[in-house]
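Those sequence lines, one after another, are chains A and B.
For what it's worth, the working numbering labels the leading residue of the first sequence as 2, then goes sequentially.
For what it's worth, the working numbering labels the leading residue of the second sequence as 5, then goes sequentially.
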Amino acid sequence: MEKVSEALSENKEYLQSEFKNSMDFMMRELDLSGTGAALFALDGLVSKQIITLSILNPLMEAGELPGRGAEQLRHIERAVLGAVEQKHESKMDQILLLLMSGFAVLIIDGCSEALVFGVQGFESRGPDEPQNEVMQRGAKDGFNESYQNNMAMIRRRMKTSSLKFEKAEVGGQSHTPLALCYLEGTVSPEILEQVRERLKSYDLNTALGAGYLTSFLERGGVFSGVGMTERPDVVCGKLEEGRIAILVEGTPSAIIVPFLFVENFQTLDDYLTRPFYGTFIRWLKYAAFFLSTFLPGLYVAIATHHPEMLPEALLLKISESESQTPFPVMAETLILYFLYEVLREAGLRAPRSLSATVSIVGGLVIGDTAVSAGLVSAPSLMVVALTAIAGYAVPRLYEPLALLRLAFLLAGNFLGVWGVMIGLVLLLMDLCGTDSFGVPLMSPVAPYNGRLAFRDVLVRAGWRRLAKGSANVQDMPGSREIGE
Amino acid sequence: MVQTRISSAQFFVAMFVSHILVTIALNAQYTGGESILDNIISCLLAMALGALIALPVWLCMGRDSVPELAVGSMGKLGYIVPIGYWLYFLLAGGSSLALFQIFLMDTVNPGFSAGLVTAAITGVALYGALRGIETVARCASCVLIVLLLGCGLVFGIVAVRFDAGNLEPLFQYGYSQTARGTALFLARTSLFADMGVLLPQVAGKKGRGFMGWMVGTAAFVSLTILLISGCLGRYAYAQNFPVYVLASLTEVRSLQRLDAVFTGVWMMCLIVKLAVDLYACRVCFLSMTGEREKKWPVWVTAALLLLLALLAVGDPGVQAILLDPWALCLCTVITGAGLPLLTWAAALVRGKGAGK
Chain A
2 MEKVSEALSE NKEYLQSEFK NSMDFMMREL DLSGTGAALF ALDGLVSKQI
52 ITLSILNPLM EAGELPGRGA EQLRHIERAV LGAVEQKHES KMDQILLLLM
102 SGFAVLIIDG CSEALVFGVQ GFESRGPDEP QNEVMQRGAK DGFNESYQNN
152 MAMIRRRMKT SSLKFEKAEV GGQSHTPLAL CYLEGTVSPE ILEQVRERLK
202 SYDLNTALGA GYLTSFLERG GVFSGVGMTE RPDVVCGKLE EGRIAILVEG
252 TPSAIIVPFL FVENFQTLDD YLTRPFYGTF IRWLKYAAFF LSTFLPGLYV
302 AIATHHPEML PEALLLKISE SESQTPFPVM AETLILYFLY EVLREAGLRA
352 PRSLSATVSI VGGLVIGDTA VSAGLVSAPS LMVVALTAIA GYAVPRLYEP
402 LALLRLAFLL AGNFLGVWGV MIGLVLLLMD LCGTDSFGVP LMSPVAPYNG
452 RLAFRDVLVR AGWRRLAKGS ANVQDMPGSR EIGE
Chain B
5 MVQTRISSAQ FFVAMFVSHI LVTIALNAQY TGGESILDNI ISCLLAMALG
55 ALIALPVWLC MGRDSVPELA VGSMGKLGYI VPIGYWLYFL LAGGSSLALF
105 QIFLMDTVNP GFSAGLVTAA ITGVALYGAL RGIETVARCA SCVLIVLLLG
155 CGLVFGIVAV RFDAGNLEPL FQYGYSQTAR GTALFLARTS LFADMGVLLP
205 QVAGKKGRGF MGWMVGTAAF VSLTILLISG CLGRYAYAQN FPVYVLASLT
255 EVRSLQRLDA VFTGVWMMCL IVKLAVDLYA CRVCFLSMTG EREKKWPVWV
305 TAALLLLLAL LAVGDPGVQA ILLDPWALCL CTVITGAGLP LLTWAAALVR
355 GKGAGK
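Here you go:
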């Protein structure tokens, strides 16, 4: 059945057959001045209170309704109902979709159109503090699973009519709604069009989280050109720089595109503290990134192939520790690293009541027993621990770093410091060759732009300087129109 | 193949990084004399001659590269130009790679296969070439930072060992060493050939970039040679790779020897050089095949490059030819000036201008 039939019985029959065996399907039959009508909704998705107050009560109290069919429907719409969000719909597939999105549908006998009402009333989590983007001085509210609530959080912070929320939908079966959020006049129309195109290429049946979409938005590379944030204030900052945010229903985070490599090191706290401290923290994060990526590889490389690089005292300490363990440095570091990752994963997935136990047992077994039993050396343990902690200074990069560490570890073992250097160039090639919607991922460092690099990359300039000149993402050096 | 454009600064930075290899791999055996200091004059002479060699490339400069212009104006006979460039890039790349492997085997003698390192270097260079000139140029600017930091650290630390008494008078062993040094500096730069092939993809003030490259390279090379002479004195003459020895002398409180860092910097520069050359090979192939680019020739080129380097390391005869400064210098002049001049003349005769 493609369209709403004029015969109410046919419509009822069709909807009942579609929702056969679905106990959440609700139908309330009505008599409107002698004309048959029915109100349809899905339990749990709608607010029964709103339905009663804004639809059923006005209809019951309306008295005699003039005309029949379409005329009656128009009268009800104009003069009887008090629902804020209501519209006509004649296509049955749309009606089904709206029902499953928390709308109520009123169909009147003799009318080939239905009246749909936005009466969503499902429970949603409050705007709690984001768990993965903790800020010292920033706001404490974060996105939740309702994209409409998330839109409101952004709108509350940006009271401008240039702020647009464009509706789209992905997922052949799930029909997951999403909102493309941007500032008109600031965003690049080419980038916006490209985002729309890439979303159209989404051909999965479901989109159960924003992560499903990212692989359709990015184009290869070790580091992603697509960012995620749980914070509405961060989204507002990004929108102002010409970026696009995608809010996906059911996901408490927003996707941000284009997303540059340097943005992985930027947090809102950097801008809420004084510039010199912001710069210091920024460099601390750069150092942590290098430490986290290269330390295990360099340690294995130097200990195995270039011990002459180390001062005598340090060399003696390391060789003394190593001589008491049964494994070579590489195997030892690899085992420790795997154990750490297993513990991390277990701590993450274990029920909250058990995660403390996992941490204690892991810490004791690895940190104390393994060393005292002579299975691993203390320097290797220290290197892996330092690497792991440093990785958390740049949490956005944890995923690529976890694998890169392993790659550099192997390179360091087989080709020494040179292997690490070759790996570094390979990584640089990958970074420099990747772009995010036409903007080079490494911009404004490579290609280099001194003004932008000394604004918010190498240093975090003061607000007076940040306020001057454009920081729009489309003005980044090397940016080009997509497809050029 | 999408031919993207890079800025003049990016191109000449990549060329600078590539050319630094000459200094890093400088030794008395190839410069042919005892006085390393004479090589400062050689370097300056090479720069002046280089400016002359590059002239025909400027004549041909337009929308098309020299190989494209050659094929466009001479038809199939013009294939000789891209093939000539390809052969040159193969020789130049093979020579640089072979020199690095010789260094690894003779001086460093690592506990693992040196061939594996050179194979890895070739692999990364190939990856860069396949990603495009933009990728390589951006990577080169990052390598430049590492190069400057690494060299700054090494030079800064060894500078305290500088003794003016170690400096010998210029030309005390005659002028032949200077001439050989000049040939070596010209031989080990593929800038002129790269310019002929890649300049149409470069935007901005190319003349200024070229001047910057000359001044920057001359300053860097002169400083390195001065430090080698001042810190090592006659000892430098006996060394296969004096810059390496210079780095080995470095002693920081926490790190005792920075020779591994020096080798790493050499490798990074080598990767950039090979990547640029392999990308230039892609442009040469494209000029012969038209719009449709096939990737396999560049893969084959990379494999041949590696093979040539391994062959040169294993066979002293091949090594002598491949590392002979005069022979490679001749190739540099032919590809840097000869081929562009021929192309320019052919284009002029056929009335095709310079592809503008």
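Note that beta-carbon positions come from the ideal geometry of N, C-alpha and C, so glycine has one too.
> Can you find a CB in chain A that lies within less than 9 Å of the CB of Y131 (chain B)?
Replying inline: Position 127 of the second sequence, counted from the start, is the residue given in the question as residue 131 (chain B). Closer than 9 Å to some Cβ of chain A, the Cβ of Y131 (chain B) qualifies, so yes.
>> In whole angstroms, give me the CA-to-CA distance for L200 (chain A) and L179 (chain A).
In response: Position 199 of the first sequence, counted from the start, is the residue given in the question as residue 200 (chain A). Position 178 of the first sequence, counted from the start, is the residue given in the question as residue 179 (chain A). Using only the alpha carbons, I get a separation of about 10 Å.
> Looking at the structure shown, is Q325 (chain A) part of a helix, part of a strand, or coil, going by DSSP?
Replying inline: Mapped onto the first sequence, residue 325 (chain A) falls at position 324. Residue state, collapsed to three classes: coil.
>> What does the Cβ neighbour count give for W478 (chain A), buried or exposed, with the cut at 16 atoms within 10 Å?
In response: Counting from one through the first sequence, the residue named residue 478 (chain A) turns up at place 477. It is Pro, not Trp, that sits at residue 478 (chain A) in the sequence shown. P478 (chain A) is buried by the Cβ-count criterion.
> Got a sec: is the Cβ-Cβ distance from Y449 (chain A) to anything in chain B below 9 Å?
Replying inline: Start at 1 with the first residue of the first sequence, and residue 449 (chain A) comes out as number 448. Closer than 9 Å: yes.
>> Distance check for T336 (chain B) and E482 (chain A), CA to CA, integer angstroms please.
In response: Translated into positions along the first sequence, residue 482 (chain A) becomes position 481. Translated into positions along the second sequence, residue 336 (chain B) becomes position 332. Because E482 (chain A) carries a pLDDT of 41, less than 50, the predicted location of this residue cannot be relied on, and the following value inherits that uncertainty. Their Cα atoms are separated by approximately 38 Å.
>> Helix, strand or coil, according to DSSP, for C182 (chain A) in the structure here?
In response: Looking up residue 182 (chain A) in the first sequence gives position 181. Three-state result, C182 (chain A): strand.
>> With a threshold of 6 Å on Cβ separation, who are the neighbours of V147 (chain B) within its own chain once the five nearest residues in sequence on each side are excluded?
In response: In the second sequence, counting from the first residue as 1, residue 147 (chain B) sits at position 143. Correct list, in chain order: V21, M272 and V276.
> Between which two residues does the alpha helix (DSSP H) harbouring M383 (chain A) extend?
Replying inline: Translated into the one-based positions of the first sequence, residue 383 (chain A) becomes position 382. Looking at the DSSP string, the run of the alpha helix (DSSP H) that includes M383 (chain A) is A379 to G392.
>> What would DSSP say about H306 (chain A), mapped onto helix, strand or coil?
In response: Residue mapping note: residue 306 (chain A) aligns to position 305 of the first sequence, counting from 1. Reduced to three states, the DSSP call for H306 (chain A) is coil.
> Using a C-beta cutoff of 9 Å, does P329 (chain A) count as contacting chain B?
Replying inline: By 1-based counting over the first sequence, the position of residue 329 (chain A) is 328. Output row for P329 (chain A): interface = no.
> Going along the chain, which residues of the region 266 to 288 of chain B sit with their C-beta nearer than 7 Å to a C-beta in chain A?
Replying inline: T267, G268, M271, M272 and I275
>> Would C433 (chain A) pass as an interface residue toward chain B - the criterion being a Cβ-Cβ separation below 9 Å?
In response: Here residue 433 (chain A) is taken as the residue at index 432 of the first sequence, counted from 1. Closer than 9 Å to some Cβ of chain B, the Cβ of C433 (chain A) qualifies, so yes.
>> Spatial neighbours of L98 (chain A) within its chain, please: C-beta separation below 8 Å, excluding the five flanking residues on both sides.
In response: Sequence index remark: in the first sequence, residue 98 (chain A) carries index 97 (1-based). Correct list, in chain order: H176.
>> How far does the alpha helix (DSSP H) with E167 (chain A) in it extend, from its first residue to its last?
In response: Mapped onto the first sequence, residue 167 (chain A) falls at position 166. No alpha helix (DSSP H) holds E167 (chain A); the beta strand (DSSP E) holding it covers L164 to V171.
>> List, in chain order, every chain A residue whose beta-carbon is nearer than 7 Å to that of R135 (chain B).
In response: In the second sequence, counting from the first residue as 1, residue 135 (chain B) sits at position 131. Near R135 (chain B) (Cβ distances below 7 Å), the residues of chain A are M430 and G434.
> In or out: K360 (chain B) buried (at least 16 other Cβ within 10 Å) or exposed?
Replying inline: For the purposes of this step, residue 360 (chain B) is taken as the residue at position 356 of the second sequence. For K360 (chain B), the predicted model reports a pLDDT of 43, less than 50, meaning its position is unreliable and no value from the coordinates is stated.
> Going along the chain, which residues of the region 186 to 210 of chain B sit with their C-beta nearer than 9 Å to a C-beta in chain A?
Replying inline: none
>> My assumption, with CB atoms under 8 Å, is that I52 (chain A) sits in contact with V106 (chain A). Please give the rounded CB distance.
In response: Here residue 52 (chain A) refers to the residue found at position 51 when the first sequence is read from its first residue. Here residue 106 (chain A) refers to the residue found at position 105 when the first sequence is read from its first residue. The Cβ separation is near 11 Å, so there is no contact.
>> So with CB distances below 9 Å, who are the chain B contacts of P441 (chain A)?
In response: Walking along the first sequence from the start, residue 441 (chain A) turns up at place 440. The answer, in chain order, is E138 and R142.
> How is V421 (chain A) classed by DSSP in three states: helix, strand or coil?
Replying inline: Locating residue 421 (chain A) in the first sequence gives position 420, where the first residue counts as 1. Of the three classes helix, strand and coil, the one that applies to V421 (chain A) here is helix, per DSSP.
> How big is the Cα-Cα spacing for L269 (chain A) and I247 (chain A)?
Replying inline: One-based indexing of the first sequence puts residue 269 (chain A) at position 268. One-based indexing of the first sequence puts residue 247 (chain A) at position 246. One C-alpha to the other measures close to 19 Å.
>> Between A:A211, A:K141, A:N206 and A:T215, which has its C-alpha nearest S147 (chain A)'s C-alpha?
In response: Counting from one through the first sequence, the residue named residue 147 (chain A) turns up at place 146. Among A:A211, A:K141, A:N206 and A:T215, the Cα nearest to that of S147 (chain A) belongs to A:A211.
> Going by C-alpha distance, which of A:L459, A:V343, A:L407 and A:I423 is nearest T280 (chain A)?
Replying inline: The count along the first sequence starts at 1 and reaches residue 280 (chain A) at position 279. Nearest option by C-alpha distance: A:L459.
>> Under DSSP, the alpha helix (DSSP H) around V188 (chain A) begins and ends at which residues?
In response: Taking the first sequence and counting its residues from 1, the one referred to as residue 188 (chain A) is at position 187. Element bounds for V188 (chain A): n/a, residue is neither H nor E.
> In terms of alpha-carbon separation, which member of A:R232, A:Q137, A:L209 and A:P259 lies closest to E194 (chain A)?
Replying inline: In the first sequence, the residue the question calls residue 194 (chain A) occupies position 193. Ranking A:R232, A:Q137, A:L209 and A:P259 by Cα distance to E194 (chain A) puts A:P259 first.
> Nearest-angstrom Cα distance between E430 (chain A) and M101 (chain A)?
Replying inline: Here residue 430 (chain A) refers to the residue found at position 429 of the first sequence. Here residue 101 (chain A) refers to the residue found at position 100 of the first sequence. Note on identity: in this sequence residue 430 (chain A) is Met, with Glu being the wrong assignment. Between M430 (chain A) and M101 (chain A), the C-alpha separation is close to 47 Å.
> What is the DSSP secondary structure of H23 (chain B), counted as helix, strand or coil?
Replying inline: Walking along the second sequence from the start, residue 23 (chain B) turns up at place 19. Note: H23 (chain B) maps to helix in three-state DSSP.
> Using a Cβ-Cβ distance under 9 Å, would A264 (chain B) count as near chain A?
Replying inline: Position 260 of the second sequence, counted from the start, is the residue given in the question as residue 264 (chain B). At least one chain A Cβ lies under 9 Å of A264 (chain B).
> Comparing alpha-carbon positions, which option in B:P71, B:R67, B:V70 and B:M78 lies nearest V353 (chain B)?
Replying inline: As a working mapping, residue 353 (chain B) is identified with position 349 in the second sequence. For V353 (chain B), the nearest C-alpha among the options comes from B:M78.
> Taking only beta-carbon atoms, is F295 (chain A) less than 9 Å away from chain B?
Replying inline: On the first sequence, residue 295 (chain A) is found 294 positions in, with the first residue counted as 1. By this cut-off, F295 (chain A) is not an interface position.
> For G359 (chain B) and chain A, any beta-carbon pair shorter than 9 Å?
Replying inline: In the second sequence, counting from the first residue as 1, residue 359 (chain B) sits at position 355. Low local confidence applies: a pLDDT of 46 at G359 (chain B) is under 50, so the model's placement there is unreliable, and no value is given.
> Can you give the Cα-Cα distance for Y177 (chain B) and A102 (chain B), rounded to whole angstroms?
Replying inline: Locating residue 177 (chain B) in the second sequence gives position 173, where the first residue counts as 1. Locating residue 102 (chain B) in the second sequence gives position 98, where the first residue counts as 1. Rounded to the nearest angstrom, the two C-alpha atoms are 29 Å apart.
> Counting only beta-carbon atoms, is H176 (chain A) nearer than 9 Å to chain B?
Replying inline: Taking the first residue of the first sequence as position 1, residue 176 (chain A) is located at position 175. Output row for H176 (chain A): interface = no.
> Can you tell me the Cα-Cα spacing of T334 (chain A) and F291 (chain A), whole angstroms?
Replying inline: Here residue 334 (chain A) refers to the residue found at position 333 when the first sequence is read from its first residue. Here residue 291 (chain A) refers to the residue found at position 290 when the first sequence is read from its first residue. Straight-line Cα distance between these residues: approximately 18 Å.
> Can you list, in chain order, the residues of the region 394 to 415 of chain A whose Cβ is nearer than 9 Å to any Cβ on chain B?
Replying inline: A412 and F415
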